[in-house]
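The sequence shown begins at 11 in our numbering and counts up one residue at a time.
Backbone N, C-alpha and C fix where the C-beta goes; we use that ideal spot for every residue, glycine too.
Before any comments, here is the structure.
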Amino acid sequence: MPMSLVRFNLIEPSLDAAALSARYKAMLEMAAFADANGFFMATFEEHHGAENAWSPTPLLNAGAVLSRTTNLAASVSALLLPLHDPIRVAEDIAVIDLMSGGRLTVIFGLGYRPSEYQLLGKDWDRRGKIMDESIEVLFKAWSGEPFEYNGGTHQIQPTPVTKPHPFIMIGGTSRVAARRAARFGLPLSPAANLPELEAYYYEQCEKHGTQGFCGMPDDETQMTLVAEDPDKAWAEFGQYFFNEASMYSSWQTSDISSAVHSHATTPEELRAEGIYQIITPDEAATLDRVIHHPLCGGMPIDAGWESLQLYVDAISLA
């Protein structure tokens with residue numbers, strides 16, 4: 011059976027409250043379906059002030075999904091840590107870890123949109139320093155021991171079930187991110203396949219006397235739907251893929267590397283790039299790893315369900 015992941019970012023271009031409610035409910039139902047059919051993980055993202063309602067609450071979404079599932083893991087990829095109060099993050103992650111029995115992974119990122127920092131009243135120029143300070147606070151909070159913070163002595167409860175702390179990683183594609191991960195003894199999760207960065211990370215681990223690993227993505231990271239007739243499905247749903255890819259690309263700057271950064275200017279070009287793919291059930295059954303994206307870009311919920319069912323049927327027969 012392929013390693014199967016399901017991605018949720020809850021985009022709804024109409025911004026209609028009823029449509030958004032239906033989409034969030036569908037996420038919970040689809041996650042339960044994925045859990046019952048052997049999927050490994052659900053992934054969630056964080057963006058603020060997005061005009062298409064790209065979800066701003068990845069920890070809340072992950073907690074809701076984990077409460078509805080038994081074996082499915084959840085990954086927040088990424089939580090923009092400098093935008094958050096570290097004590098609240100420590101508490102929220104600890105509670106989700108307790109509730110789920112340790113099924114939560116969180117990748118901490120800086121983000122790449124100054125507008126999000128402006129919106130939330132955070133200092134863009136100090137984002138790296140805030141990240142470092144926040145990670146230190148998280149470690150102290152999760153220890154369960156008293157520590158000095160904000161002029162007083164505090165002890166945070168409850169603490170996570172996962173020891174010494176929940177599974178966290180440092181995201182990023184820069185040497186600064188690699189040094190940060192190595193310094194804190196945390197795994198590195200680049201957004202693109204960068205062998206030189208991986209080598210640099212291990213050099214820094216050796217320098218700091220820490221151990222870790224690099225969760226390098228494949229050269230090609232593909233968002234997937236399954237359909238009996240991919241040509242027909244592209245004609246019907248290609249615009250949803252393109253809308254999502256275009257918005258994501260509009261946020262990128264030249265210094266950012268990402269395995270899912272598209273340069274397409276039309277749905278046809280997007281299809282040719284291969285970052286988004288619609289494949290047949292027979293093709294799905296031959297893959298080793300699939301990131302299923304059943305609510306991509308605000309596509310119809312029924313179509314997402316059809317894709318999930320076709321995929322599960324295909325891999326069960328493989």
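Taking the DSSP output, what are the residues bridged to residue i?
i    : result
M13  : R299
T163 : E158
C224 : L198
F18  : F54
Would you identify the three-state DSSP class for residue i, choosing helix, strand or coil?
i    : result
S77  : helix
Y286 : strand
F252 : helix
V171 : coil
V236 : strand
F247 : helix
F54  : strand
V322 : helix
S24  : coil
S65  : coil
A84  : strand
L38  : helix
E213 : helix
P277 : helix
D265 : coil
Going by C-alpha to C-alpha distance, which of the options sits closest to residue i?
i    : options                   : result
P170 : V99, A201, R137 and C224  : V99
H175 : H164, N160 and L196       : L196
E126 : A52, P66, L320 and A201   : P66
D292 : L207, G308, V322 and L280 : V322
E55  : A44, A72, S87 and S24     : S87
L108 : A201, F177, P304 and C215 : F177
S199 : A44, L70, G119 and P12    : G119
G222 : R136, E208 and E246       : E208
M179 : E155, R137, G225 and E158 : G225
M13  : L327, D298 and L305       : D298
F18  : V75, M11 and A60          : V75
L280 : F43, W261, R193 and G248  : G248
Taking residue i and residue j to be in contact with their CB atoms under 8 Å, please state how far apart those CB atoms are, rounded to whole angstroms.
i    : j    : result
L91  : A41  : The Cβ separation is near 24 Å, so there is no contact.
L89  : I106 : Their Cβ separation, rounded to whole angstroms, is 11 Å, which puts L89 and I106 out of contact at 8 Å.
I301 : W244 : Actually they do not touch by this definition, with Cβ atoms about 18 Å apart.
N203 : D229 : 5 Å
T234 : H303 : 6 Å
- Item | beta strand (DSSP E) runs contained entirely in the stretch 90-157, provided each spans 3 or more residues | Counting whole runs of 3 or more residues, the stretch 90-157 contains the beta strand (DSSP E) stretches 114-119.
- If you scan the stretch 173-204 from start to end, which runs of the beta strand (DSSP E) of 3 or more residues do you find wholly inside it? The stretch 173-204 contains these whole beta strand (DSSP E) runs: 177-181.
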